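The working numbering numbers the first residue of the sequence shown as 3 and each following residue consecutively.
Glycine is no exception: its CB is placed at the ideal position from the N, C-alpha and C atoms.
Bear in mind that the values here come from a model prediction, so they are computed numbers and not experimental data.
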Amino acid sequence: MKIRRITVGVLLVLSLLFLLDVKFLFPMRNLFGMHVRLGKWGSAAERTEKFSHSPQEISQVTVHNVEGGLEIRKALGNEVTVTAKLVATVPVPNRLEAEKKLLGWEVEEKMAGREVSYELQGPGLLGQEVEAFYLLEVPEGVDVSLLQKRGGILVTDFQGNLRLETESCQVQIKGFQGSLWVDSEASFLSLEDVAASVFIRASRSPIALGLRETEEGYLFDLDLANGTLKGGIPLKQEGRRFTGQWGPGLYPIEVKADFSIVTLRWE
């Protein structure tokens with residue numbers, strides 16, 4: 003029991019430190035429009051690339067990204083629009099050097115049937131030479147898959163199927179309906195105003211999940227190894243497994259987490 007209390011205490015401290023560090027780096031108000039921190043004498047150069055498709059052309063969008071950020075918004079029209087901002091930085095006050103660093107880098111678009119994918123390609127090392135910030139504007143009915151290492155993901159008012167694979171990231175979702183799959187390593191997950199099926203596999207990832215009360219109800223199954231459960235939703239506990247049902251239980255909430263603190267609450 004003493005060892006478990008120590009483990010939980012360490013988790014709380016690490017979660018707080020990680021949260022403070024990530025929030026300092028990524029304000030999460032508008033990832034696509036965020037400013038790159040240059041230091042006192044740094045310079046930056048940037049270029050924007052834009053892609054668009056109709057829902058008749060594609061059914062799924064996939065983005066692979068290292069460093070930078072991904073932002074998803076509900077499209078105002080029917081088109082799928084992907085806007086990528088490429089940013090190169092140098093530690094000296096030399097904009098020409100930053101622009102030279104940006105040369106040869108571009109976002110590669112690949113089509114496979116009705117699936118389209120995007121990934122930054124260039125002559126140097128991803129994340130060390132150039133960062134990419136993506137803005138995805140997606141209508142209902144188009145699935146999205148995002149893979150992000152070292153950065154942030156911001157999702158606002160999304161309806162559909164969303165898959166996230168993250169490592170050392172801050173993820174913030176505000177308003178979600180549909181089905182959500184998350185595979186997380188050392189990331190902070192803040193999911194607010196969710197009315198959906200949720201499937202999370204996480205390690206060393208603080209998770210805050212705010213559920214909207216719905217007629218469909220929820221079926222809970224949480225497996226927490228070396229972690230703890232917090233929040234105001236009462237669940238039955240057997241060892242480190244927590245189960246329960248609210249309403250008809252049509253939306254499954256499945257979480258399998260290791261060394262993670264999970265907070266469940268009603269919105």
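Based on the DSSP secondary-structure assignment, which residues constitute the bridge partners of residue i?
i: Asn163; result: Ser181
i: Arg75; result: Glu139 and Thr158
i: Glu110; result: Glu121
i: Pro254; result: Leu221
i: Leu88; result: Arg49 and Ala134
i: Ala277; result: Outside the shown range of the chain (3 to 269) lies residue 277, about which nothing can therefore be said.
i: Asn67; result: Gln150
i: Gly267; result: Note that residue 267 is Arg in the sequence shown, not Gly. Arg267 is bridged to Gly212.
i: Gln62; result: Glu117 and Asp145
i: Glu169; result: Lys151 and Glu187
i: Ser56; result: The partner list for Ser56 (beta bridge, DSSP) is empty, contrary to what the question assumes.
With a Cβ-Cβ cutoff of 7 Å, do residue i and residue j count as a contact?
i: Ala90; j: Ala47; result: yes
i: Val140; j: Leu166; result: no
i: Ala204; j: Leu182; result: no
i: Glu81; j: Ser54; result: yes
i: Glu131; j: Lys151; result: no
i: Glu256; j: Asp223; result: yes
i: Leu252; j: Gly219; result: yes
i: Gly246; j: Arg267; result: no
i: Glu117; j: Gln62; result: yes
i: Ile202; j: Ser262; result: no
i: Val109; j: Ala100; result: no
i: Val68; j: Leu138; result: no
i: Asp225; j: Arg206; result: no
i: Ser189; j: Val200; result: no
With a cut-off of 8 Å on the beta carbons, I'd call residue i and residue j a contact; round off their distance for me.
i: Glu194; j: Ile175; result: 6 Å
i: Arg49; j: Leu88; result: 5 Å
i: Val264; j: Gly241; result: With a Cβ gap of about 15 Å, Val264 and Gly241 do not count as contacting.
i: Val196; j: Leu221; result: About 14 Å; that fails the 8 Å criterion.
i: Ala86; j: Glu121; result: Between Glu121 and Ala86 the Cβ distance is about 10 Å, and since that is not below 8 Å, they are no contact.
i: Ser45; j: Asn96; result: 5 Å
i: Gly71; j: Gly154; result: 4 Å
i: Leu149; j: His66; result: 5 Å
| message | With a threshold of 8 Å, are at least 3 pairs of Cβ atoms found where one atom belongs to the region 102 to 114 and the other to the region 152 to 160? | response | These segments do not touch.
| message | Report the start-end ranges of each beta strand (DSSP E) in the region 175 to 246 that is 3 residues or longer and not cut off at the edges. | response | List check, beta strand (DSSP E) in window: 190 to 205, 209 to 213, 220 to 227, 230 to 233 and 238 to 240.
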